[in-house]
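For the protein sequence lines, the chains are A and B, in the order given. Counting with our numbering, you get residues 519 to 1016 for the letters of the first sequence. Counting with our numbering, you get residues 2 to 347 for the letters of the second sequence. Every residue, glycine too, gets a C-beta built ideally from N, C-alpha and C. Since this is a predicted model, take the numbers as computed values, not measurements. Report on the structure given below.
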Amino acid sequence: MSASANGATLLEVEGVSKRYGGIQAVADGNLLVGRSEMIGLVGPNGCGKSTMLNIVSGLVKPNGGSVVFDGQPLPLGHYRNIQARGLVLVAQELALAPVDTVWESVVLGAEPRHLGRINRRRARQIAADTLAQLGHELPLNAPVGSLPPVERRLVTIARGAARPEVRLLILDEPTAGLPTAEAARVIAAMKKLIDADRSVILVSHHIEDIVSSCSKVTLMRDGRTYRTLAGAEVNKGGIVRLLLMNSASIPDDENAAPESNELGDVVATFSEVSGEFLDGVSLSVRRGEVVGIAGILGSGASEVIQLLSGQRQPREGQVKVGAAQVTPSAPHTALRSGVGFVSGDRANLVIRQMTVSEHVALPALERLRSRLRLVSKSRERKWVEESLGALSVKGKPEAPMTSLSGGNQQRALMARWVGLPVDVLVVDQPTVGVDLAGRAQLLAVVRKLAAERGVVITAEPEELAMVCDRVVCLRRGSVAAELTGDAVTEEEILHATS
Amino acid sequence: MSTGNAVVDEAAQSGLVPTPPAPQQAMRERAKRHYRQIILVGSFVLLIIFFWVERPSEFPTSTNIQNLINGMPVLTMMALAVTVVLILGEFDLSVPNVASLTTVVVAIMTTQTSLGLIPALIVGWLLVGFAAGSVNGVAVGYGKAPAFIVTLAVGSVCAGVELLVQSKIRLGQTSIPVSSLPTALQDVTNRHLIGFELAVYVLIVVALILGLVLVHAPWGRHVHAIGGNETAARLAGVPVRRTKVTAFVATAVLAALAGVLFSSGNGYFANALPSYLLPAYAAAFFGAAGVGRRGFSVPATLFGALYLATLTNGLSVMSAPLWVASVVQGIVLFVAVLLARIGTTS
């Protein structure tokens, strides 16, 4: 079955590497794709998958390594040139303009022309043919924004497939956020691509999707492709075991290990909450515990976070937070009802030009006023020093926030909430972009903060296993499992979520 | 798929997280900023020396300096008004029209009502300021409308209302002709204190209070945070929409105060102020480019206004033709902003 065995190799990636500043995003990337073959690429967030795909498709120029496509070396870093040779990265649905019609979206960038104008009739024909080839019929003149999510995904795939010269499509999480039945439609369409003598690289956190469609799977971790499975080796159990084998990369820190606190009152509840991804989810969080929300992209895990912090509202059901059990309607009212928020997406938390002190004091300014209703310098200094001290954050308060390392920035942003009457602290992917040593310290801080409040956290399964008392595993919008005690392991989490 | 979700995931997957600049880099940046300040403050000193040497009997005289300073309050007040929204990361193009509208309202309030002079001034000032500011602020803060267009529209309405009010007076529906309006007002402002008009002292007091509030009051810090990173501010619990409304109100109130200062010094002229729009922004941008360590600020705007006023004054003392003054001002602004970019990029 392996096409490369027949010598019909289409793409050969050898030893590519890419470094961004101090971060080695890809250290050693290798990939082999045969003709008419679909291979899977699997690895945790931040393992370098996206960078690797960007290298292959020409969006990013690597520091080293080679990519041979159809027997010829590719001009790395030249996206349009590579696309013309027949290798295309299918962007996620974000790349669609909602007001464009289906046919416009399918032929975008490769419009058939006649005397310098778009030949609309041919364009519609191409779009219809391509969609038919994928086994679907969509209203060609409908705006893309009016289609359900699954059909938008099909349009993005059709865009790649509409070009006759394209022989390899790279699909990045094409089934993310789709319910099982709809994901199956997308997978069926991908298989049709293989029937049409094309090859596919499929990137997905849904290991079941990979198993059901790929003949080969390459595993990646910490910037390296360390194992490729083929034939009978491609099964869920084997892949999960291999993903686990190479983890254990975080130094153990006894402070981060859960030592069960006294559980207090309920500080956050979801009752039958439905929203964009969530479908009837109920859960509750008590003071003194760290509750992890596990789930891959599109499972609804980040929606839980956004609902708790007042960034969005549920479609159905009720979200209540704080000791007083209020519904959070906006971030600043969520704060008033006892919710604090920290995110690893520091682009959305760090304010350029502001100092560490100004960041830490920002949610508390109204409490630090003195006479004349101005912020008292001395009270602010005391507040900031105590907050930073409580979480042993290094760094001068008057230094710009951007001068701190990622881990320290993150802890400074957590320190914000130490002195405030926060009942539940919502922590979203705190370790993104934080080095290994910093991660352990960060998780220890999370434990510490849970002593007097409830903490809800999303993170990689490995980290959740280290820090959580309880993990709610979400899968396609519903609670797949709720793990407690000894069941809180990386393996259980991976099994329940993927 | 929510965009926030996708952004986090993308950052996570590509390992592309904002890398903090190394300490040495911060040092270099600081040095660059100082270099920029040295150039601009230095060029200001050189400018003064140049005019001094060229026109020793006219430029450095106390009369000329009084003229220079007494000519500043209206424009500078408007520059302070725009500074508030600039810190917020927004624009307000209605500022000069709000000021203009205030001049006519104040003229009526002081002559057609039985209020005393000072209460009439205050009522007219706050009436226009709060009305225009709340419309701008609510549209931008709660309506999420682009400030550029909203304030352009509000400015246009203000200009129209001003014409309407003024034409009503001209048509003789009221008994007081436009030409006699200023007399009552001029009593207030013709009071000088050590050679400077009352307006100068109003400006100084307002600048002091505004500077203090913007830097040290929770509200001012919130305005800075929103301008720096709106999402970050929201997630830190800053009431973003409410702060936007109050910032636009503050801007309009300051703009209206500029109108009060103008009418108290000059009486009422139709459409006297719209031409102040660009100079007001020029002063704020020039100041931020030249001396603002962290972008827009009250001291930076004051410096910008002083620099530009000195330039204009010097050129007119040297009897430079109008076109020269315009070109020189343009070049100075251009170079300053370019310098600032060089200082911040890299």
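Whole-angstrom C-beta distance between residue j and residue i, which should lie under 8 Å
i                         : j                        : result
isoleucine 757 of chain A : valine 735 of chain A    : 6 Å
valine 803 of chain A     : valine 791 of chain A    : Contact flag wrong, Cβ pair sits at about 13 Å.
glycine 260 of chain B    : serine 44 of chain B     : Wrong, their Cβ atoms sit about 32 Å apart, outside the cutoff.
glycine 566 of chain A    : glutamate 683 of chain A : Between glutamate 683 of chain A and glycine 566 of chain A the Cβ distance is about 28 Å, and since that is not below 8 Å, they are no contact.
valine 141 of chain B     : alanine 148 of chain B   : 5 Å
threonine 1015 of chain A : cysteine 991 of chain A  : 5 Å
leucine 614 of chain A    : tyrosine 597 of chain A  : Actually they are not in contact, since the Cβ atoms of leucine 614 of chain A and tyrosine 597 of chain A sit about 18 Å apart, beyond 8 Å.
alanine 251 of chain B    : threonine 104 of chain B : At roughly 20 Å, the Cβ-Cβ gap does not stay under 8 Å, so alanine 251 of chain B and threonine 104 of chain B are not in contact.
Continuous alpha helix (DSSP H) stretch holding residue i: start and end
i                            : result
lysine 709 of chain A        : 698–713
isoleucine 688 of chain A    : Isoleucine 688 of chain A -> not in any alpha helix (DSSP H); beta strand (DSSP E) instead, spanning 686–690.
threonine 746 of chain A     : That residue, threonine 746 of chain A, is in no alpha helix (DSSP H); its beta strand (DSSP E) goes 742–748.
isoleucine 205 of chain B    : 199–217
lysine 914 of chain A        : Neither: lysine 914 of chain A is in no alpha helix (DSSP H) and is coded neither H nor E.
threonine 1015 of chain A    : 1008–1015
phenylalanine 249 of chain B : 241–267
glycine 315 of chain B       : 299–318
arginine 642 of chain A      : 638–651
glutamate 898 of chain A     : 895–908
glutamate 683 of chain A     : Element bounds for glutamate 683 of chain A: n/a, residue is neither H nor E.
Beta-carbon neighbours of residue i, restricted to chain E and to distances below 7 Å
i                        : result
glutamate 916 of chain A : The structure shown contains no chain E; its protein chains are A and B.
Start and end residues, beta strand (DSSP E) containing residue i
i                            : result
methionine 556 of chain A    : 556–560
glutamate 981 of chain A     : Run containing glutamate 981 of chain A: none in the beta strand (DSSP E); it sits in the alpha helix (DSSP H), 979–985.
alanine 1017 of chain A      : The structure shown has nothing for residue 1017 of chain A, since chain A only spans 519 to 1016.
phenylalanine 587 of chain A : 582–587
glutamate 1 of chain B       : Limits of chain B in this structure are 2 at one end and 347 at the other, which puts residue 1 of chain B out of reach.
threonine 1002 of chain A    : 996–1002
valine 534 of chain A        : 527–538
isoleucine 814 of chain A    : Careful: isoleucine 814 of chain A lies outside any beta strand (DSSP E) and carries neither H nor E.
leucine 605 of chain A       : 605–608
leucine 992 of chain A       : 988–993
arginine 924 of chain A      : The sequence given here places glycine at residue 924 of chain A; arginine does not occur at that position. That residue, glycine 924 of chain A, is in no beta strand (DSSP E); its alpha helix (DSSP H) goes 924–933.
arginine 804 of chain A      : 799–804
serine 861 of chain A        : 857–861
The ligand GDP heavy atom lying under 7 Å from the CB of residue i
i                        : result
glutamate 700 of chain A : The model depicted lacks the ligand GDP and carries no ligand whatsoever.
Nearest-angstrom Cα separation, counted from residue j out to residue i
i                         : j                         : result
leucine 658 of chain A    : alanine 676 of chain A    : 12 Å
alanine 841 of chain A    : threonine 851 of chain A  : 14 Å
proline 846 of chain A    : valine 239 of chain B     : 14 Å
glutamate 198 of chain B  : asparagine 71 of chain B  : 6 Å
leucine 1012 of chain A   : leucine 815 of chain A    : 13 Å
leucine 76 of chain B     : tryptophan 220 of chain B : 25 Å
arginine 899 of chain A   : histidine 877 of chain A  : 12 Å
threonine 976 of chain A  : cysteine 732 of chain A   : 29 Å
proline 57 of chain B     : threonine 64 of chain B   : 13 Å
lysine 145 of chain B     : valine 86 of chain B      : 15 Å
serine 347 of chain B     : glutamate 555 of chain A  : Since pLDDT at serine 347 of chain B reaches only 35, below the 50 mark, its modelled position is unreliable, and the value read off the structure follows with that caveat. When rounded, the distance between both Cα atoms is 45 Å.
arginine 631 of chain A   : arginine 639 of chain A   : 10 Å
threonine 311 of chain B  : alanine 289 of chain B    : 17 Å
leucine 880 of chain A    : valine 893 of chain A     : 11 Å
leucine 672 of chain A    : leucine 571 of chain A    : 20 Å
glycine 995 of chain A    : glutamate 691 of chain A  : 16 Å
aspartate 727 of chain A  : valine 721 of chain A     : 10 Å
proline 580 of chain A    : asparagine 548 of chain A : 13 Å
leucine 334 of chain B    : alanine 283 of chain B    : 7 Å
arginine 553 of chain A   : aspartate 713 of chain A  : 11 Å
proline 832 of chain A    : glycine 798 of chain A    : 10 Å
serine 888 of chain A     : alanine 609 of chain A    : 53 Å
glutamate 1010 of chain A : glycine 925 of chain A    : 27 Å
alanine 1005 of chain A   : leucine 967 of chain A    : 23 Å
DSSP bridge partner residues for residue i (one or two, in chain order)
i                          : result
methionine 738 of chain A  : A/Thr743
glutamate 834 of chain A   : A/Ser792
isoleucine 719 of chain A  : A/Ile557 and A/Ile688
valine 546 of chain A      : Per the sequence presented here, residue 546 of chain A reads as aspartate, with valine not at that position. Looking at the DSSP assignment, aspartate 546 of chain A forms a beta bridge with A/Arg742.
proline 591 of chain A     : A/Val586
threonine 674 of chain A   : Bridge partners of threonine 674 of chain A: none, in fact.
glycine 228 of chain B     : The partner list for glycine 228 of chain B (beta bridge, DSSP) is empty, contrary to what the question assumes.
isoleucine 1056 of chain A : Look at the range of chain A in this structure, 519 to 1016, and you will see that residue 1056 of chain A is not part of it.
At a cut of 8 Å, does the stretch 586–598 of chain A reach the stretch 650–669 of chain A through at least three beta carbon pairs? no
Okay, do the stretch 240–257 of chain B and the stretch 77–96 of chain B touch, 3+ Cβ pairs below 8 Å being the bar? yes
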